[in-house]
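Colleague: In the numbering used here, the protein residues as written are 223 to 486.
We put the CB at the ideal spot given by N, CA and C, even for glycine.
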Amino acid sequence: MVTMLVGTGTCSIAATKAADDDYYATSANVDIAASKAAQSTLTISGSANGTYGTTVTLSTSGGSTAGTVTWSHGASTACTVDSSGAVSMTSGTGTCTVTATMAGNANYLAVTSSSFTVTPVKATQAVLTVTSTNATYGEDLTLTASGGSGTGALTWTKVSGTCTLSGATLTPGGANTSCVVRVTRATDSNYAVRSSVDTSVSTAKASQSGLSITSSSSFTTGSPLTLTASGGQSSGSVTWSVTAGTCTLSGTQLSANRGGISCT
Numbered sequence: 223m224v225t226m227l228v229g230t231g232t233c234s235i236a237a238t239k240a241a242d243d244d245y246y247a248t249s250a251n252v253d254i255a256a257s258k259a260a261q262s263t264l265t266i267s268g269s270a271n272g273t274y275g276t277t278v279t280l281s282t283s284g285g286s287t288a289g290t291v292t293w294s295h296g297a298s299t300a301c302t303v304d305s306s307g308a309v310s311m312t313s314g315t316g317t318c319t320v321t322a323t324m325a326g327n328a329n330y331l332a333v334t335s336s337s338f339t340v341t342p343v344k345a346t347q348a349v350l351t352v353t354s355t356n357a358t359y360g361e362d363l364t365l366t367a368s369g370g371s372g373t374g375a376l377t378w379t380k381v382s383g384t385c386t387l388s389g390a391t392l393t394p395g396g397a398n399t400s401c402v403v404r405v406t407r408a409t410d411s412n413y414a415v416r417s418s419v420d421t422s423v424s425t426a427k428a429s430q431s432g433l434s435i436t437s438s439s440s441f442t443t444g445s446p447l448t449l450t451a452s453g454g455q456s457s458g459s460v461t462w463s464v465t466a467g468t469c470t471l472s473g474t475q476l477s478a479n480r481g482g483i484s485c486t
């Protein structure tokens with residue numbers, strides 16, 4: 223039996239058969255080429271899941287040479303791997319398959335591990351916040367939000383209240399009411415879906431406009447002027463007051479005790 227001590231070179235063997243009474247001794251030579259042996263199995267270990275934006279550290283065990291280990295992510299679409307086995311997750315979807323190869327030496331061939339799969343996981347979005355929380359009666363409010371992550375579309379939901387909602391447009395109910403809304407940013411290739419906390423939008427009273435006095439700007443002593451007004455939007459009653467001058471006001475009746483004066 224020939225024991226090969228190294229994996230390269232040639233082992234030359236000579237065999238001699240001794241002489242006897244009838245034959246001379248004879249010999250023969252043979253050269254045996256040395257071949258490198260296969261290493262023991264190389265195995266990758268580490269987390270089987272990787273969240274977008276994080277790093278997963280892999281390691282190897284096995285092999286026979288303790289040689290340099292090189293890493294490859296092949297045709298992976300969701301990760302890259304560096305020379306130390308650190309896997310950077312570049313997407314929350316797609317594929318991430320890694321192999322490791324331990325170098326050979328004078329006695330052993332290189333060995334490559336089986337493929338190790340790291341399953342991509344979508345990351346959690348940043349906090350999503352409703353930023354439009356005050357509405358005015360009679361005016362539509364365009365809802366706005368801040369935060370979240372990724373490219374997912376925003377959708378709005380009315381949770382409760384007297385408002386109506388169409389897309390991001392909120393139409394308030396009555397003044398001094400509130401409407402609870404929620405905004406959701408959809409998932410994309412890297413981030414999971416995220417919703418805001420339920421947020422109350424308060425509706426304040428609107429300012430009236432267009433109230434004007436329509437009665438005459440002059441009148442005769444002894445003949446009270448009936449004051450009239452138009453405009454304004456509420457159903458409230460009109461009240462009158464004298465803010466300057468010596469006129470007398472009773473309800474809507476404005477009078478003066480002499481001529482040549484003015485009042486406001």
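#1: Please state the DSSP three-state secondary structure of Gln-261.
#2: Tell me whether Ala-260 counts as near the ligand GDP, meaning its Cβ is closer than 8 Å to at least one heavy atom of that ligand.
#3: Please go through the same chain and pick out, in chain order, the residues whose beta-carbon is closer than 6 Å to the beta-carbon of Arg-358, but skip the five residues on each side of it.
#4: Among the residues of its own chain, which have a CB less than 7 Å from the CB of Ala-247, if the five just before and after it don't count?
#5: Would DSSP call Val-403 helix, strand or coil?
#6: At a cut of 8 Å, does the region 400-416 reach the region 355-374 through at least three beta carbon pairs?
#7: Would you report the Cα separation of Met-311 and Tyr-274, rounded to the nearest angstrom?
#8: When you compare only the Cα positions, how much space is there between Trp-462 and Gly-473?
#9: Name the DSSP beta bridge partners of Pro-342, please?
#10: Distance check for Val-228 and Gln-347, CA to CA, integer angstroms please.
#11: Pairs of beta-carbons, one from the region 280-294 and one from the region 260-267, closer than 8 Å: are there three or more?
#12: Does the distance from the C-beta atom of Ser-294 to that of Val-320 stay below 9 Å?
#13: Tell me whether Asn-223 sits in a helix, a strand or coil according to DSSP, three-state version.
#14: Buried or exposed: which applies to Leu-476, given that a residue is buried once 16 or more other Cβ atoms fall within 10 Å of its Cβ?
#15: Out of Gly-395, Thr-341, Leu-331, point me to the one whose CA is closest to Asn-356's CA.
#16: Taking the alpha-carbon positions, what's the Val-291 to Gly-284 distance?
Modeller: Quick look at the numbers:
#1: Taking the sequence shown and counting its residues from 1, the one referred to as residue 261 is at position 39. Correct three-state label for Gln-261: coil.
#2: Only the bare structure without any ligand can be found here, which leaves the ligand GDP out of the picture.
#3: Along the sequence shown, one-based indexing puts residue 358 at 136. Before going further, note that residue 358 is Thr rather than Arg in the sequence given. Around Thr-358: Ala-426, Ala-428.
#4: Sequence index remark: in the sequence shown, residue 247 carries index 25 (1-based). The residues are Thr-238, Lys-239, Ala-240, Ala-241.
#5: Here residue 403 refers to the residue found at position 181 when the sequence shown is read from its first residue. Here Val-403 sits in strand by DSSP.
#6: yes
#7: For the purposes of this step, residue 311 is identified with residue 89 of the sequence shown, where counting begins at 1. For the purposes of this step, residue 274 is identified with residue 52 of the sequence shown, where counting begins at 1. Straight-line Cα distance between these residues: approximately 5 Å.
#8: Looking up residue 462 in the sequence shown gives position 240. Looking up residue 473 in the sequence shown gives position 251. Roughly 7 Å separates the two Cα atoms.
#9: The residue labelled residue 342 in the question sits at position 120 within the sequence shown. According to DSSP, Pro-342 bridges with Gly-272.
#10: For the purposes of this step, residue 347 is taken as the residue at position 125 of the sequence shown. For the purposes of this step, residue 228 is taken as the residue at position 6 of the sequence shown. About 57 Å.
#11: yes
#12: Reading the sequence shown from its first residue, position 72 is the one you call residue 294. Reading the sequence shown from its first residue, position 98 is the one you call residue 320. Yes. Within cutoff.
#13: Looking up residue 223 in the sequence shown gives position 1. Residue identity differs from the one stated: residue 223 is Met in this sequence, not Asn. It is coil, neither helix nor strand.
#14: For the purposes of this step, residue 476 is taken as the residue at position 254 of the sequence shown. Leu-476 is buried by the Cβ-count criterion.
#15: Here residue 356 is taken as the residue at index 134 of the sequence shown, counted from 1. Per the Cα distances, Gly-395.
#16: Taking the first residue of the sequence shown as position 1, residue 291 is located at position 69. Taking the first residue of the sequence shown as position 1, residue 284 is located at position 62. About 11 Å.
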